[in-house]
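Numbering-wise, the numbering used here comes out as the position in the sequence shown, counting from 1, plus 10. Even glycine gets a Cβ: it sits at the ideal position worked out from N, Cα and C. One structure below.
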Amino acid sequence: MAPTSLIVTNTPSQDLALTNLAFCSSSDLQNFAVAGSHNTFLALVGDTFVFSLAYPFRIC
11 MAPTSLIVTN
21 TPSQDLALTN
31 LAFCSSSDLQ
41 NFAVAGSHNT
51 FLALVGDTFV
61 FSLAYPFRIC
């Protein structure tokens, strides 16, 4: 898998900081999908940290 760069910014809402998730755009989210899963997205950072990813807004 090729490395991907992400830019760190503030959360769009303060309550999202309490979710223990990292958030990304909906277009980037599929790049981090776990094979065989419908809603699990993970990012490995520097072979040390694993972040669960989510899109912060509900898609209707």
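Just mark residue i as buried or exposed, buried being the case when its beta carbon has 16 or more other beta carbons within 10 Å.
i, result
"F67", "exposed"
"A32", "buried"
Specify the secondary structure class of residue i as computed by DSSP and reduced to three states.
i, result
"F67", "coil"
"A12", "coil"
"A45", "coil"
Looking only at C-alpha atoms, which of the options sits nearest to residue i?
i, options, result
"Q40", "T29, L26, L31 and A53", "A53"
"P13", "G46, N49, T50 and D38", "D38"
"H48", "N20, G56 and L63", "L63"
Below 6 Å CB to CB, which residues in the same chain sit around residue i once its five sequence neighbours on both sides are set aside?
i, result
"A43", "F51"
Have a look at the DSSP bridge pairing and note the partners of residue i.
i, result
"S62", "L52"
"F33", "A64"
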